[in-house]
Amino acid sequence: MTTIEDRNKAVVREAFDTLFNQRDYTAAERFWSSDYIQHSAHIAPGRDGLFNLVKSLPVELKHEWELIMAERDMVMVRGRFTGHGQPAPWIAVDFLRIEDGILMEHWDVIEEEVSPEQSVSGLPMYGDTFPEER
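With our numbering applied, the sequence shown covers 9 to 142.
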């Protein structure tokens, strides 16, 4: 039996793949509410703000997820953005509020991925290897 949490996680996986990896903005509209609330300080308001940000980034932009957790209407995605034209990939934790299978609200925490020399802990920030080892 599928739970609401399982359904919400599947929606977020498909939504992120559609927008960030496939860059299919028309198909992505069905996942993001026209009343989407954006709490990120680096993204303009609403669905258009997010879509315009993605459109402004290189076509090489990719998102991969490592962990997705859900509780009721909230989904958390721990992922990695590459190909955005910056010196280092971004490690991001995205929090999304879902209503009836639609992304309604978003918060995130983002930081640049570090090399083995920069890691005080000596451990990679994403997965089991550093970017240079992939």
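A virtual CB, placed ideally from N, CA and C, is assigned to each residue, including glycine.
{"Item": "Alpha-carbon spacing of Q46 relative to A100, whole angstroms", "Value": "15 Å"}
{"Item": "Contact check, I110 vs F39, beta carbons under 8 Å", "Value": "yes"}
{"Item": "Of the residues E140, R21, P139, the one placed nearest L75, counting alpha carbons only", "Value": "R21"}
{"Item": "Close Cβ partners of I106 (< 8 Å) along its chain, the five nearest in sequence each way excluded", "Value": "N16, V19, V20, D81, M82, V83, M112"}
{"Item": "Residue environment, A52, which counts as buried when at least 16 other CB atoms sit within 10 Å", "Value": "exposed"}
{"Item": "Span of the alpha helix (DSSP H) around G93", "Value": "Run containing G93: none; DSSP gives neither H nor E here."}
{"Item": "Nearest residue (CA-CA) to V85, options L65, H114, P95", "Value": "H114"}
{"Item": "Any 3 or more C-beta pairs closer than 8 Å across the region 53 to 64 and the region 125 to 133", "Value": "no"}
{"Item": "7 Å CB neighbourhood of G54 in its chain, flanking five on each side removed", "Value": "Y44, Q46"}
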